[in-house]
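Reviewing the structure listed below.
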Amino acid sequence: MKKLLFYIGTLILIITLSRCMDGGSYEKYDVVLNLTSWSLPDTAKVSVPFNTSLTSLLDNSCLKNMRFEVDKYDNVTYRVYARAVYENHGEMCYDTQNYKDTTISITIEDPGKYYFYFLREGKFRKDSIVIKP
Numbered sequence: 786m787k788k789l790l791f792y793i794g795t796l797i798l799i800i801t802l803s804r805c806m807d808g809g810s811y812e813k814y815d816v817v818l819n820l821t822s823w824s825l826p827d828t829a830k831v832s833v834p835f836n837t838s839l840t841s842l843l844d845n846s847c848l849k850n851m852r853f854e855v856d857k858y859d860n861v862t863y864r865v866y867a868r869a870v871y872e873n874h875g876e877m878c879y880d881t882q883n884y885k886d887t888t889i890s891i892t893i894e895d896p897g898k899y900y901f902y903f904l905r906e907g908k909f910r911k912d913s914i915v916i917k918p
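In the numbering used here, each residue's number is its place in the sequence shown (first place is 1) plus 785.
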């Protein structure tokens, strides 16, 4: 019985040490990214989709899976930004210049003035569109 406990203890120690020796550093989390450019029309019609073009930059080789987000903040306000996943298994991350862009179609059902806040340089920049009947 003592030999069995010794072998089990040794096995656990070896597994623990091998995990510590391989670096054991793994990170994965969501990152909010700035937009580098956008376009929003001045006017649109009720219930007719309008397009907004968005561009953002992946500036790190550990950033993956960029997606653009348009969050409705309240009845007349939207926040627009990009997200990506930072994933690192202990390897070196390099500076990159990988621009991504998309066009998003938005439909607003009620007339009025609507405000879009686009994230740029860490601050939300205000733009607006008038939805006509």
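All C-beta atoms, glycine included, are put in the ideal place defined by N, C-alpha and C.
Computed from a predicted model, the values in this text were never measured in an experiment.
Q. Enumerated in chain order, which unbroken segments of the alpha helix (DSSP H) with a length of 4 residues or greater are wholly contained in the stretch 809-841?
A. none
Q: Go ahead and label cysteine 847 buried or exposed: buried means 16 or more other beta carbons lie within 10 angstroms of its beta carbon, across all protein chains shown.
A: Indexing the sequence shown from 1 puts residue 847 at position 62. Here cysteine 847 is buried, its C-beta having at least 16 other C-beta atoms within 10 Å.
Q) isoleucine 893 by DSSP, collapsed to three states: which one? A) The residue labelled residue 893 in the question sits at position 108 within the sequence shown. Isoleucine 893 falls in the coil class under three-state DSSP.
**Q.** Option nearest valine 865 by Cα separation, candidates Ile916, His874 and Phe853
**A.** For the purposes of this step, residue 865 is taken as residue 80 along the sequence shown, with counting starting at 1. Nearest C-alpha to valine 865: Phe853.
(Q) I'd like to confirm the pairing. Which residues does DSSP put opposite threonine 888 in its beta bridges? (A) The residue given as residue 888 occupies position 103 in the sequence shown. DSSP output for threonine 888 lists Ser838 as bridge partner(s).
Q.
Please identify the residue among Ser822, Glu812, Val816 and Ser810 whose C-alpha is closest to the C-alpha of lysine 885.
A. Within the sequence shown, the letter at position 100 stands for residue 885. The shortest CA-to-CA distance from lysine 885 to any of Ser822, Glu812, Val816 and Ser810 is the one to Ser822.
Q. With 16 as the cutoff for other CB atoms within 10 Å, does methionine 851 come out buried or exposed?
A. To locate residue 851, count along the sequence shown from 1; it is residue 66. When all chains shown are included, methionine 851 counts as buried.
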